[in-house]
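There are 2 protein chains.
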Amino acid sequence: MATIKDVAVKAGVAISTVSAVINRSAPVSEDVIARVEAAISAIGYLPHGAAKALRSGNSRLIGVILPDITNPFFSMVARVIETVCMKAGYMTFVYNTDEDPQHEMHILRMMRMQRVAGMILISTRSDAEHGRRLMAEINVPTVLFSSAVPVTPYDAITLDERKASRLAIDYLAGLGHRRIGVVSGRPLVSTHEERLESCLEALAAHGIPPQPDLIVAANFDQQQAFEATRALLALPDPPTAIFAFSNLMLIGVMRALVTSGRSCPRDISLVGVGDFDWPEIMNPQVTVVSMPAAQMAEFTIATLLAEIAGKRPPTGKRTLFPPELIVRASCASAELMPSQKRRQPARAE
Amino acid sequence: MATIKDVAVKAGVAISTVSAVINRSAPVSEDVIARVEAAISAIGYLPHGAAKALRSGNSRLIGVILPDITNPFFSMVARVIETVCMKAGYMTFVYNTDEDPQHEMHILRMMRMQRVAGMILISTRSDAEHGRRLMAEINVPTVLFSSAVPVTPYDAITLDERKASRLAIDYLAGLGHRRIGVVSGRPLVSTHEERLESCLEALAAHGIPPQPDLIVAANFDQQQAFEATRALLALPDPPTAIFAFSNLMLIGVMRALVTSGRSCPRDISLVGVGDFDWPEIMNPQVTVVSMPAAQMAEFTIATLLAEIAGKRPPTGKRTLFPPELIVRASCASAELMPSQKRRQPARAE
DNA sequence: CATCGTGGTCGAAACGTTTCGTGAAAAAGT
DNA sequence: ACTTTTTCACGAAACGTTTCGACCACGATG
Chain A
1 MATIKDVAVK AGVAISTVSA VINRSAPVSE DVIARVEAAI SAIGYLPHGA AKALRSGNSR
61 LIGVILPDIT NPFFSMVARV IETVCMKAGY MTFVYNTDED PQHEMHILRM MRMQRVAGMI
121 LISTRSDAEH GRRLMAEINV PTVLFSSAVP VTPYDAITLD ERKASRLAID YLAGLGHRRI
181 GVVSGRPLVS THEERLESCL EALAAHGIPP QPDLIVAANF DQQQAFEATR ALLALPDPPT
241 AIFAFSNLML IGVMRALVTS GRSCPRDISL VGVGDFDWPE IMNPQVTVVS MPAAQMAEFT
301 IATLLAEIAG KRPPTGKRTL FPPELIVRAS CASAELMPSQ KRRQPARAE
Chain B
1 MATIKDVAVK AGVAISTVSA VINRSAPVSE DVIARVEAAI SAIGYLPHGA AKALRSGNSR
61 LIGVILPDIT NPFFSMVARV IETVCMKAGY MTFVYNTDED PQHEMHILRM MRMQRVAGMI
121 LISTRSDAEH GRRLMAEINV PTVLFSSAVP VTPYDAITLD ERKASRLAID YLAGLGHRRI
181 GVVSGRPLVS THEERLESCL EALAAHGIPP QPDLIVAANF DQQQAFEATR ALLALPDPPT
241 AIFAFSNLML IGVMRALVTS GRSCPRDISL VGVGDFDWPE IMNPQVTVVS MPAAQMAEFT
301 IATLLAEIAG KRPPTGKRTL FPPELIVRAS CASAELMPSQ KRRQPARAE
């Protein structure tokens, strides 16, 4: 491979001069610029990223750590980040954790070895102990997305989780539902904790006491949501509506409904959080609490870039974005439902 | 940040000795190993990736270039690659091209600046001119996935595209369909060209002459497939079945059906290529030609890793994987369809 | 006329590793 | 007891850049 030295001899100038024209870091005469550029394209020179990074102490690399790129929400976020970063002259490493804290630590280590200039961390555990281990491992500008880890000095960008729950529960309760199943996420994840807490508050506000048997945790996992819903439906007095904490879990719930021969919204109503790209092709078209995902992603990467540039120091603050209820066809009034007596408990299995 | 030198002084040994214990690249006494390891964890030393890469000439980086990570097919492939690479001690750069050749070239350049050890290139244009430009830019072990560029020395892993078309057309023709719409991809992409060619062959084998007005190209794009389908449905004599060349385009077709008030499979039958994760929640559940995506991805990365390790030189050969027809509920016998006379042409717009 | 920038160029040091040749000490062979 | 081999540790060079101080020529300033 050609090096900067080859360019220098070909153009008949010093190495440092070539560097100056490449980076426009010092004044160079028109004449020399032309010669150097000619030499560069003549021998097909491409700077060596690692050498640049080593010497300049700036890798121009950004790490993105997320639960699962297979989830359309995260892949969309990753694309936004990639695009913005590329424009700013940064490359991105995107890595999946599957929400496994140990794996997450490993990835963090790899990113630090690459001396990333900054990181975006999505949806990790958020208990204090994990927070401390995280902080020990991170010492690079970082912003948290879609989750809030306590006791960190890092900025966080999230949905207004409490409002999201309220939107869903108010809607369902407004339709007359009193037995509302909640397919929640994973304990210790802030998204889960906050949504769950305000779910209970919203239910209470409608005079509905906590019904522990209707609240199941499915770890933000599609298959677990499927199984949890099967269990919910097998209850002697099953819920008339279900609120699922994520898009993938909503899919799990829907699969459980078709497997059990339930029709939505005739037999049961459904609300999820997180929208889908093509709701028209789903059966039924689901009512969801949507989030301004693209804007959130843009704000996140802008915050990180500003912090890296040293323009804005980390404030440790949290920025909330407002959710929105999108009503489609997966909910019906509780009064219009066929009486629960008429329906048999799901066949034993 | 701590350097290897700090470790060396802390452990009271030479720098080269520390390097030897980190990389197990030379015999070191138990005693010294212990001292060095203690020093490493004491000061929290992490090797500097760029320095390693620069000196050793091995970045341990692999580039993955794909059209769009948002497409579930590609995100799944990316995950498989990430996992396998991580086990082999490589990190991955995943980048989106949106099938834009110019952007693709730019990404290629960035990857070469990072001195990636190898690349996986997915679904690019495959005409000879682009192939030449590509070859000028690439000089690193590479394997092509899901597309074949002619005149390259690189291995390619693809579906057996001809069989995929045959499976779909045989099935549809077997149901009695004679007017079969084809929502194809993008000219110059091998996947498109081969599928289209064998579509025509398969149609001919069933005594169906080419019907140019029923064949539309939608660039593998969901929205374009939507529009193309609208046009197809507005034809005086619309098709009774549609074959879409990709998962996303199939979604576009389905959206067009919904928007036009067509019911599938009553009014029109549908086959796509590429399966969906949760077909149960779709309306209707689609019949598709599926591909063994995970196995293909594993084979691809294994091939690349072997080539990087120098175990297997690039053969320039192409490996085909067999597609499979998965029959679900989106196709009906042409004879059972309401007569086409009874149906009005789609309302003008 | 002496002095002071200033635009343009250069050479060399440094970034944090790996690698290779050297050599001392210990182990093995005669 | 003397060589030969093996084992372990070391020092220094090199990887391809950036960056900084030095230098020179030249026009501007006092």
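So the sequences go chain by chain: A and B. All residue numbers for the first sequence refer to UniProt numbering, where the first residue is 1 and numbers rise by one. All residue numbers for the second sequence refer to UniProt numbering, where the first residue is 1 and numbers rise by one. Note that the Cβ used here is the ideal one computed from N, Cα and C, for glycine as well.
Inside the region 32–120 of chain B only - alpha helix (DSSP H) runs reaching at least 4 residues: 49–56, 72–87, 101–113
In whole angstroms, what is the alpha-carbon distance linking GLY44 of chain A and ALA2 of chain A? 7 angstroms
Looking only at its chain, what residues have a beta carbon closer than 7 angstroms to the beta carbon of TYR154 of chain A, apart from the 5 residues adjacent to it on each side? THR142, VAL143, LEU144, PRO314, GLY316
Nearest neighbour of MET99 of chain A, chosen from A:THR319, A:ILE301, A:ARG186, A:ALA329 [CA to CA]: The displayed chain sequence assigns Glu, not Met, to residue 99 of chain A. Considering only alpha carbons, the answer is A:ARG186.
For the alpha helix (DSSP H) containing VAL258 of chain B, list its first residue and its last residue. 247–259
7 angstroms Cβ shell around ALA42 of chain A - same chain, five flanking residues per side excluded: LYS10
How would you call ALA202 of chain A, buried or exposed, if buried means at least 16 neighbouring beta carbons within 10 angstroms? buried
Listing by chain order, which chain B residues have their CB less than 9 angstroms from the CB of TYR95 of chain A? GLU82, MET86, MET91, THR92
Of the residues B:ALA168, B:ILE301, B:PHE321, B:THR92, which one's Cα is nearest the Cα of ARG312 of chain B? B:ILE301
Look at the Cβ atom of LEU121 of chain B, then the Cβ atom of ILE65 of chain B, and state whether they are nearer than 7 angstroms. yes
Would you tell me roughly how many angstroms separate the C-alpha atoms of GLY49 of chain B and MET291 of chain A, rounded to the nearest one? 37 angstroms
In chain A, what lies closer than 8 angstroms to GLU280 of chain B by C-beta? MET254, ARG255, VAL258, THR259
Say whether chain B places a C-beta atom closer than 7 angstroms to the C-beta of ARG262 of chain A. no
Would you verify that the beta carbon of ASP6 of chain B is, or is not, closer than 7 angstroms to some beta carbon of chain A? no
For the structure I just gave you, are there three or more beta carbon pairs, one from the region 326–336 of chain A and one from the region 97–113 of chain A, closer than 8 angstroms? no
Cβ-heavy atom distance, PRO153 of chain A to the ligand GDP, below 6 angstroms: Here there are no bound small molecules, and the ligand GDP is not part of this structure.
DSSP-derived helix/strand/coil call for THR17 of chain B: helix
By the 10 Å Cβ neighbour count, where 16 or more other Cβ atoms means buried, how is ASP221 of chain B classified, buried or exposed? buried
According to DSSP, is GLY185 of chain A part of a helix, a strand, or is it coil? coil
Are three or more beta carbon pairs between the region 255–266 of chain A and the region 274–287 of chain B nearer than 8 angstroms? yes
Start and end residues, alpha helix (DSSP H) containing VAL9 of chain B: 4–11
Would you decide whether ARG347 of chain B is buried or exposed? Buried here means 16 or more other CB atoms lie within 10 Å of its CB. A caution first: ARG347 of chain B carries a pLDDT of 41, below 50, which makes its placement in the model unreliable, though a value can still be read off. So ARG347 of chain B counts as exposed.
Could you compute how far the alpha carbon of ILE69 of chain A sits from the alpha carbon of ALA39 of chain B? 37 angstroms
Ignore the nearest five residues each way along the sequence and tell me which others in PRO345 of chain B's own chain have a CB closer than 7 angstroms to its CB. Confidence in PRO345 of chain B is poor, its pLDDT being 44 and thus under 50, which makes the residue's placement too unreliable to answer from.
Cα separation between SER339 of chain B and ALA329 of chain B? Its pLDDT being 47, under 50, SER339 of chain B is placed unreliably in this model, and the coordinates cannot settle the point.
Exposure of residue 353 of chain B, with buried meaning 16 or more beta-carbon neighbours within 10 Å: This structure leaves residue 353 of chain B out entirely; chain B is present only between 1 and 349.
Can you tell me where the alpha helix (DSSP H) with GLU324 of chain B in it begins and where it stops? Careful: GLU324 of chain B lies outside any alpha helix (DSSP H), inside the beta strand (DSSP E) at 324–326.
Whose CA, out of B:CYS85, B:SER184, B:ARG125, lies closest to the CA of ALA306 of chain B? B:CYS85
Distance, ILE81 of chain A Cα to GLU298 of chain A Cα: 7 angstroms
Beta carbons nearer than 8 angstroms to chain B: which residues of the region 62–80 of chain A have them? ASP68, ILE69, THR70, PRO72, SER75, MET76, ALA78, ARG79
Counting only the same chain and skipping the five closest in sequence on each side, list residues whose C-beta sits under 7 angstroms from that of VAL7 of chain A. VAL18, VAL36, ALA39, ILE40, ILE43, TYR45
Would you identify the three-state DSSP class for ASP155 of chain B, choosing helix, strand or coil? strand
For PHE226 of chain B and ILE138 of chain A, I'd like the C-alpha separation in whole angstroms. 46 angstroms
Rounded separation between ARG162 of chain B and ALA294 of chain B - CA only: 20 angstroms
CA nearest to the CA of CYS264 of chain B, picked from B:ARG132, B:ILE242, B:GLY274: B:ILE242
So which residues on chain B does PRO47 of chain A lean against when the C-beta distance must stay under 7 angstroms? MET113
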